[in-house]
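The structure appears right after this line, and notes come after that.
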Amino acid sequence: MESMALHQETAYERLYRWTQGECRLLSSDSVEVSPLLCQAVQALQDRPVLFRYSLDEFGTARRTAVVRGFIDALTRGGPGGTPRPIELHSHDPLRYVGDMLAWLHQASASEKEHLQGLVKLATQQAGALQIYEILGHITEGVCRPFKVRVEQVLVSEPGPVILYKLANLLKFYHHTIGQLLGSDAVLLTTLAEVHELSQRMFYAALNAHAQRLMEKVELPPADLGATQSLNQSLALLREVLASHDSSVVPLDARQEDFAKVLSCVLDPLLQMCAVSASKLNPADMGVYMVNCIYAMQSTLALYEFTDQRLEMLAGQIEAHLDTIVSEQASYVLSRTGLSHIYSIIQQHQLKEGPLASIHGMDATTVRSAMSKFDSYLSSPDSLTMPQLNFLQSTSLRRTVHKRSTELVSAAYDFLYQAITNPSNGYKEPRSIVIRTPQQVKTLLS
Amino acid sequence: MAAGPYNYSYIFKYIIIGDMGVGKSCLLHQFTEKKFMADCPHTIGVEFGTRIIEVSGQKIKLQIWDTAGQERFRAVTRSYYRGAAGALMVYDITRRSTYNHLSSWLTDARNLTNPNTVIFLIGNKSDLEAQRDVTYEEAKQFADENGLMFLEASAKTGDNVEDAFLETARKIYQNIQDGSLDLNAAESGVQHKPSTGGRPNPLNTDQQPSNEGCRC
Numbered sequence: 001m002e003s004m005a006l007h008q009e010t011a012y013e014r015l016y017r018w019t020q021g022e023c024r025l026l027s028s029d030s031v032e033v034s035p036l037l038c039q040a041v042q043a044l045q046d047r048p049v050l051f052r053y054s055l056d057e058f059g060t061a062r063r064t065a066v067v068r069g070f071i072d073a074l075t076r077g078g079p080g081g082t083p084r085p086i087e088l089h090s091h092d093p094l095r096y097v098g099d100m101l102a103w104l105h106q107a108s109a110s111e112k113e114h115l116q117g118l119v120k121l122a123t124q125q126a127g128a129l130q131i132y133e134i135l136g137h138i139t140e141g142v143c144r145p146f147k148v149r150v151e152q153v154l155v156s157e158p159g160p161v162i163l164y165k166l167a168n169l170l171k172f173y174h175h176t177i178g179q180l181l182g183s184d185a186v187l188l189t190t191l192a193e194v195h196e197l198s199q200r201m202f203y204a205a206l207n208a209h210a211q212r213l214m215e216k217v218e219l220p221p222a223d224l225g226a227t228q229s230l231n232q233s234l235a236l237l238r239e240v241l242a243s244h245d246s247s248v249v250p251l252d253a254r255q256e257d258f259a260k261v262l263s264c265v266l267d268p269l270l271q272m273c274a275v276s277a278s279k280l281n282p283a284d285m286g287v288y289m290v291n292c293i294y295a296m297q298s299t300l301a302l303y304e305f306t307d308q309r310l311e312m313l314a315g316q317i318e319a320h321l322d323t324i325v326s327e328q329a330s331y332v333l334s335r336t337g338l339s340h341i342y343s344i345i346q347q348h349q350l351k352e353g354p355l356a357s358i359h360g361m362d363a364t365t366v367r368s369a370m371s372k373f374d375s376y377l378s379s380p381d382s383l384t385m386p387q388l389n390f391l392q393s394t395s396l397r398r399t400v401h402k403r404s405t406e407l408v409s410a411a412y413d414f415l416y417q418a419i420t421n422p423s424n425g426y427k428e429p430r431s432i433v434i435r436t437p438q439q440v441k442t443l444l445s
Numbered sequence: 446m447a448a449g450p451y452n453y454s455y456i457f458k459y460i461i462i463g464d465m466g467v468g469k470s471c472l473l474h475q476f477t478e479k480k481f482m483a484d485c486p487h488t489i490g491v492e493f494g495t496r497i498i499e500v501s502g503q504k505i506k507l508q509i510w511d512t513a514g515q516e517r518f519r520a521v522t523r524s525y526y527r528g529a530a531g532a533l534m535v536y537d538i539t540r541r542s543t544y545n546h547l548s549s550w551l552t553d554a555r556n557l558t559n560p561n562t563v564i565f566l567i568g569n570k571s572d573l574e575a576q577r578d579v580t581y582e583e584a585k586q587f588a589d590e591n592g593l594m595f596l597e598a599s600a601k602t603g604d605n606v607e608d609a610f611l612e613t614a615r616k617i618y619q620n621i622q623d624g625s626l627d628l629n630a631a632e633s634g635v636q637h638k639p640s641t642g643g644r645p646n647p648l649n650t651d652q653q654p655s656n657e658g659c660r661c
């Protein structure tokens, strides 16, 4: 009985040696897991240690093969040079990295199949965990050569747009290859690392761009339009957003870093515009800021996930429009001489006596201001602030026109009520204020 | 006891290309599972399937990479042409636009694969005869002019699907037999050639583990 056991152990030992030898030979590109080898692995299940050693041997052989295959694909290419070596495209970062990733994806899939073929019959011992472990080992060797190359690409400053596309590509493959390997495979860790690095480099490139903007702020141009640096930055943003749009990363993941990209670009831009506008008078500043923000708005409006930002920008435009509207209204009132009269009436108190007796409020003066106002009514466009013509959006220009004339007619209404009020002592008030507020409103609308 | 389906002599790598919605994934599914997959979702990036077939008594494992047709994946899918022994280029016989795009797919295939890659043109959805938008003769002429093999097939009924995949394999195998395909070349190469079951085992050693190692 004892010698039987001894014989059995010797047999296992021999089987193991043979299996080990067979596995070692599987280090070429092509693998054939022979039926005999499958059976041997199946038999070795009864000796878990020997079984494990055999799989390790297989893993090591395949690991060598994968590394060699990868290096060959990078530097030598296929037979007669087709397909061409991947490194031939190293000047084109997306293609270079993309080809490497596709190679790794395909190699991972093939290796998984080989391994599954090997343990096909060994159903008791080969659990998913063990397969993932061996697979992780097989794909570990390529990590270094891969990582070094990707890092080289990333630090060569390919610009924010390329960096952004690379980050998306790496993320995509982390997901794709992740479906084949166990979650703790070193290859996946490597992919996560280079993805993170690419993302960091991308944001660093955006920040560097923003920094340059703030370093030399351009003065607003004479037409109060967007500055060159604003247009350039928006072109960059557009390019990033466009590649975001076509990116291979699933929707929710994209939305996530979208807010970050937008604030990375827009916040410094808004700041830059505010700084560059700081020396302008209120009307110029209002028009300039509206033009700038309007340019940002039109850029964003074409892309997904920008609603929140657009709302914020709309709010800012609104605030600047208020300034422009009141500037335009006071422009009309002061050009017609009504603003002086308006403020006197506003400050007038009963104890000072009737309005008509106050200096500068006699019927003649008021009548002459009113006649100027009347000529404005006959051609309202004659009293448009020159800045308004620089407002690039025609719909905003219309808004300003509408709201400022409303302010003007409200002011007229106020004057009309005061002058027609008998207690203010004007004789024949209707000869001073010829038009009713309703007429003015109609004329201006 | 035979060790199941793992004793194949060759692995051929295929790639399936063509416009979105022409039925690439359905063809693959029909071929590997012998079933029609209705409501097939859009392929994300690249997926793959395998099946072992027999050509001239040789067991051949087909490793088939099914690519996404959506334009946004073009940059990704282009990287999968490398080392494909066969390329199945698919259009939809009921949508002319998918046929019109063939020349762009063919350009990609020619530029990104090697000269020996067998390109097979498949006009899918042949079951929808009533909605046909591209005639058989027209496509046949296009295939002839460009030296492509050609069949109309239906992933739905399974008609001609098997033939398209097998014909491609036969052609590749024929190329190997007459020597126009070099199997000893490095890289994922044209296709893998596992040492065949028929030959004596020592042949396994024809490729020594090299110590080229990783130069990085």
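Protein chains in written order, with my numbering: chain A, 1 to 445; chain B, 446 to 661.
Virtual Cβ for every residue (Gly too), placed ideally from N, Cα, C.
Looking at the unbroken alpha helix (DSSP H) that takes in residue i, where does it start and where does it end?
i: B/Lys-616; result: 606 to 622
i: A/Ile-324; result: 307 to 335
i: A/Glu-406; result: 394 to 420
i: B/Phe-476; result: 469 to 478
i: A/Thr-60; result: 48 to 75
i: A/Lys-147; result: 143 to 155
i: A/Met-385; result: Careful: A/Met-385 lies outside any alpha helix (DSSP H) and carries neither H nor E.
i: B/Asp-537; result: Element bounds for B/Asp-537: not the alpha helix (DSSP H) but the beta strand (DSSP E), 531 to 537.
i: A/Gln-39; result: 35 to 44
Looking at the C-beta of residue i, does it have a partner C-beta in chain A at a distance below 9 Å?
i: B/Trp-550; result: no
i: B/Gly-490; result: yes
i: B/Asn-545; result: no
i: B/Val-521; result: yes
i: B/Arg-496; result: no
i: B/Glu-632; result: Annotation note: pLDDT 41 at B/Glu-632 (below 50); position unreliable, no value reported.
i: B/Ser-599; result: no
i: B/Ser-470; result: no
i: B/Thr-477; result: no
i: B/Tyr-459; result: no
Go to residue i, then tell me how far its beta strand (DSSP E) extends in each direction, as first and last residue.
i: B/Met-594; result: 594 to 597
i: A/Thr-19; result: Note, A/Thr-19: premise wrong, no beta strand (DSSP E); alpha helix (DSSP H) at 2 to 24.
i: B/Gly-568; result: 563 to 569
i: B/Ala-457; result: As written in the sequence, residue 457 of chain B is Phe, which differs from the Ala given in the question. 455 to 463 is the extent of the beta strand (DSSP E) around B/Phe-457.
i: B/Val-521; result: That residue, B/Val-521, is in no beta strand (DSSP E); its alpha helix (DSSP H) goes 519 to 522.
i: A/Ile-138; result: Looking at the DSSP string, A/Ile-138 is not in any beta strand (DSSP E); the run it does join, the alpha helix (DSSP H), is 128 to 138.
i: B/Thr-495; result: 491 to 500
i: B/Lys-506; result: 503 to 512
Tell me, to the nearest whole angstrom, how far the beta carbon of residue i is from that of residue j; I am working on the premise that it is less than 8 Å.
i: B/Leu-551; j: B/Asn-591; result: 6 Å
i: B/Gly-466; j: B/Asp-537; result: 7 Å
i: B/Lys-601; j: B/Asp-572; result: 5 Å
i: B/Lys-570; j: B/Gly-468; result: 6 Å
i: B/Ile-461; j: B/Val-535; result: 6 Å
i: A/Ser-108; j: A/Leu-181; result: 6 Å
Would a check of beta-carbon distances place residue i closer than 9 Å to chain B?
i: A/Ala-167; result: no
i: A/Glu-32; result: yes
i: A/Gln-106; result: yes
i: A/Val-248; result: yes
i: A/Asp-99; result: yes
i: A/Ser-379; result: no
i: A/Glu-256; result: no
i: A/Glu-113; result: yes
i: A/Arg-17; result: no
i: A/Gly-78; result: yes
i: A/Leu-94; result: yes
i: A/Leu-444; result: no
If you measure beta-carbon to beta-carbon, which residues of the segment 172 to 187 of chain A are closer than 8 Å to chain B?
Taking 8 Å as the Cβ-Cβ cut-off against chain B, the residues of the segment 172 to 187 of chain A that qualify are Phe-172, Thr-176.
For a minimum of 4 consecutive residues, which ranges assigned as the alpha helix (DSSP H) are wholly contained in the segment 344 to 379 of chain A?
Whole alpha helix (DSSP H) segments, 4+ residues: 363 to 378.
If contact means a Cβ-Cβ distance below 9 Å, which residues of the segment 573 to 595 of chain B contact chain A?
Among the residues of the segment 573 to 595 of chain B, none has a Cβ less than 9 Å away from any Cβ of chain A.
With 8 Å as the limit, tell me which residues of the segment 526 to 539 of chain B have their beta carbon closer than that to any beta carbon of chain A; keep them in chain order.
Within the segment 526 to 539 of chain B, the residues whose Cβ lies closer than 8 Å to some Cβ of chain A are Tyr-526, Arg-527, Gly-528, listed in chain order.
Can you list, in chain order, the residues of the segment 333 to 344 of chain A whose Cβ is nearer than 8 Å to any Cβ on chain B?
Answer in chain order: no residues at all.
Can you list the alpha helix (DSSP H) stretches of 4 or more residues lying completely in the segment 197 to 284 of chain A, in chain order?
Fully enclosed alpha helix (DSSP H) runs of no fewer than 4 residues occupy 228 to 245, 251 to 277 of the segment 197 to 284 of chain A, in order along the chain.
Which residues, in chain order, does the segment 215 to 228 of chain A contribute to contact with chain B at a C-beta distance below 7 Å?
Listed by position along the chain: nothing, the set is empty.
Under 9 Å (Cβ pairs) to chain A, residues found in the segment 601 to 622 of chain B:
If you check each beta-carbon in the segment 601 to 622 of chain B against every beta-carbon of chain A, none falls closer than 9 Å.
Pull out every residue of the segment 130 to 164 of chain A whose Cβ sits closer than 9 Å to any Cβ of chain B, in chain order.
Result list: Gly-141, Val-142, Arg-144, Pro-145, Phe-146, Lys-147, Val-148, Arg-149.
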